[in-house]
Amino acid sequence: MKVHQIFTDNELRNFNYVIALDNGQALVIDPWDAKDIIKFLGEQNLTLTTILNTHEHWDHTQGNLELVEHYQCEVWAHENGRGKIPGLTRTLSKDEIIELDNNAKLQILDTPGHTLAHLCFLLIEGDKTIAVFTGDTLFNAGVGRCDGGGEVTRLYKTISEQFATLDDHIVVYPGHEYLENNLNFTLRLEPSNSVAQDWLSKVESFNPLTQSLLTTIGDEKEINTFFRLDKEEIHSNLELTNVNNLEVFTELRKKRDHW
Ligand SMILES: [Zn+2]
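According to our numbering, the sequence shown holds residues 56 to 314 in order.
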């Protein structure tokens with residue numbers, strides 16, 4: 056099993072993921088452009104069996120039907136995506152397991168917030184979780200918006216209960232490449248964050264077409280404002296006093312919407 060992260064080079068900066076199995080079968084997550092996926096799979100001698108959609112937004116599903124036509128593959132997603140996700144053949148629920156190969160598997164996380172039909176996928180090898188595909192729930196140094204069919208309170212709950220609790224070594228595979236902008240937002244709220252400053256200098260010379268820059272959950276705890284809700288510096292830059300974590304999260308999301 057091998058994970059390929061593909062930067063789609065469109066205005067929205069989507070990432071696609073191909074999970075290639077040793078037997079030549081492949082799964083794809085959130086296909087942006089079917090032709091690009093078909094070309095990639097052809098070059099790698101892979102056949103697509105399954106599309107996984109993290110959620111129903113068009114930029115995560117628009118490749119579905121053309122790929123189904125080409126490969127007669129399955130389309131799996133959240134049950135709330137019924138009627139919204141083109142070609143949906145099977146719904147997935149929390150804790151369900153998708154077997155890959157060589158002891159690798161995906162475990163389904165039900166992660167409402169960005170939308171109410173959002174899944175994320177833990178990648179587990181043996182008994183160790185090695186990565187998480189996060190769609191538009193968690194980005195490198197940021198989180199998803201909630202104004203496209205989501206709810207900020209649910210996103211707060213998802214991030215704090217399902218992501219902040221993950222082990223530090225787990226690699227984050229998000230649905231979009233927004234790292235530089237997100238780091239600037241972190242530093243606007245927390246100028247003294249030297250880890251974020253270091254990441255920003257790394258990112259400034261980074262080309263996502265030719266390079267891969269991955270963060271882990273441990274990195275996110277350092278550079279993602281939405282994981283740092285108890286920091287006094289963030290409160291004072293938000294001009295908030297005596298607030299709870301949900302209130303800080305909500306205010307941050309509001310500010311980031313207009314960033
Ligand atoms: Zn989305």
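Using N, Cα and C, we set each Cβ at its ideal position, and we do this for glycine too.
Task: Near ligand 1: residue 203 beta-carbon under 7 Å from a heavy atom - done: Checking the Cβ of residue 203 against ligand 1 gives yes.
TODO: Return yes when the C-beta of residue 112 is under 7 Å from any heavy atom of ligand 1, and no when it is not.
DONE: Yes; taking the cut-off as 7 Å, the Cβ of residue 112 has a heavy atom of ligand 1 nearer than that.
Task: Host beta strand (DSSP E) of residue 160 (start-end) - done: Its beta strand (DSSP E) spans residues 159-165.
Open item on the list: What does the Cβ neighbour count give for residue 203, buried or exposed, with the cut at 16 atoms within 10 Å?
Closed with: Classification for residue 203: exposed.
Open item on the list: Can you tell me where the beta strand (DSSP E) holding residue 296 begins and where it ends?
Closed with: Unbroken run through residue 296: none, as it is neither H nor E.
Open item on the list: Would you say the beta carbon of residue 191 is closer than 7 Å to some non-hydrogen atom of ligand 1?
Closed with: For residue 191, the Cβ falls inside the 7 Å cut-off from some heavy atom of ligand 1.
Task: With 16 other Cβ atoms within 10 Å as the buried cut-off, status of residue 152 - done: Residue 152 counts as exposed, since fewer than 16 other beta carbons sit within 10 angstroms of its beta carbon.
- [ ] Indicate, with yes or no, if ligand 1 has a heavy atom lying under 7 Å from the CB of residue 115.
- [x] Correct: residue 115 has its Cβ closer than 7 Å to ligand 1.
- [ ] Using three-state DSSP, classify residue 230 as helix, strand or coil.
- [x] Three-state result, residue 230: coil.
TODO: Report buried or exposed for residue 217, applying the criterion of at least 16 other Cβ atoms within 10 angstroms of its Cβ.
DONE: Label assigned to residue 217: buried.
- [ ] Quick one: give me the first and last residue of the alpha helix (DSSP H) that residue 286 is part of.
- [x] Going by DSSP, residue 286 is part of no alpha helix (DSSP H) at all; its letter is neither H nor E.
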